[in-house]
Amino acid sequence: SQQGEEDPQALSIQEGENATMNCSYKTSINNLQWYRQNSGRGLVHLILIRSNEREKHSGRLRVTLDTSKKSSSLLITASRAADTASYFCATVGMDSSYKLIFGSGTRLLVRP
Amino acid sequence: SAVISQKPSRDICQRGTSLTIQCQVDSQVTMMFWYRQQPGQSLTLIATANQGSEATYESGFVIDKFPISRPNLTFSTLTVSNMSPEDSSIYLCSVQGSRPNNYGYTFGSGTRLTVV
Chain A
1 SQQGEEDPQA LSIQEGENAT MNCSYKTSIN NLQWYRQNSG RGLVHLILIR
51 SNEREKHSGR LRVTLDTSKK SSSLLITASR AADTASYFCA TVGMDSSYKL
101 IFGSGTRLLV RP
Chain B
113 SAVISQKPSR DICQRGTSLT IQCQVDSQVT MMFWYRQQPG QSLTLIATAN
163 QGSEATYESG FVIDKFPISR PNLTFSTLTV SNMSPEDSSI YLCSVQGSRP
213 NNYGYTFGSG TRLTVV
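So the sequences go chain by chain: A and B. Counting in our numbering, the first sequence tops out at residue 112, every number present. Counting in our numbering, the second sequence tops out at residue 228, every number present.
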């Protein structure tokens, strides 16, 4: 089962623009993570934000977390064609299972 | 972070047969996770594999269909049994970061399975 929904399902932007993806989840979390997947290949971990954090930056990535709304957003600034990929949020719950549960994903297309 | 070698990378199988997917990790890990990604979809957790105990399956997945072995702390296999075209998916294994609340998880490169 999926933890939650991401929106938009698909996003098309021009190179140089910013891309924002949103993620909602259902249960209390230990942390939330974002992953990128290029063309059905393996997943690459982008960034992790813990439940007691509200914002985190890594290069051109900015992640926010609002635990009261059970939502997160991923902002990619100054997008490049190479950013074209599917992006997934995933959560680790408060239990000791350490299971990583994925959202539905956003397909990002960055047009040159 | 850990490095995972997953094989085969792809296979085309006849319905009714079984396929075993292997994942080898370059370090000892307590938990390994198996996922299915159906075409155009997100990842769905199949089961958690712990060394020395039975795998824990998620709702909708059963041991008879997806038997898992975990003989040691660096290796695991997932078998897709009695396959049908609906089993055509990418199957991935994963391990958690060395500090689960600080580092992301590492994934194998996936096995793209087509059942004909």
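From the three backbone atoms N, C-alpha and C, an ideal C-beta is built for every residue, glycine too.
Between residue 177 of chain B and residue 107 of chain A, the alpha-carbon positions lie close to 31 Å from each other. Inclusion of residue 112 of chain A and residue 81 of chain A in the CB contact set at 8 Å is warranted, their separation being smaller than that value.
Closest option to residue 34 of chain A, judged by alpha-carbon separation, among B:221, B:217, B:224, B:223: B:217. Note: residue 144 of chain B is bridge-paired with B:161, B:207 in the DSSP secondary-structure output. One Cα belongs to residue 147 of chain B, the other to residue 159 of chain B, and the distance between them is close to 7 Å. Sequence-distant partners of residue 43 of chain A (beyond 5 residues in either direction) whose C-beta falls short of 8 Å from its own C-beta, in its chain, are 35, 36, 37, 88. Annotated three-state conformation of residue 5 of chain A is coil, per DSSP.
Bounds of the beta strand (DSSP E) holding residue 90 of chain A are 85-93.
For residue 107 of chain A, the enclosing beta strand (DSSP E) starts and ends at 106-111. In the three-state DSSP reduction, residue 199 of chain B falls in the helix class (H, G or I).
By the neighbour-count criterion, in which 16 or more other beta carbons inside 10 Å mark a residue as buried, residue 99 of chain A falls on the buried side.
Of the candidates B:125, B:208, B:116, B:201, the residue whose Cα lies closest to the Cα of residue 223 of chain B is B:201. Residues of the stretch 194-225 of chain B whose Cβ lies closer than 9 Å to any Cβ of chain A, in chain order: 202, 204, 206, 208, 209, 212, 213, 214, 215, 216, 217, 218, 219, 220, 221, 222, 224. The stretch 135-142 of chain B and the stretch 171-189 of chain B touch, with no fewer than 3 CB-CB distances between them shorter than 8 Å.
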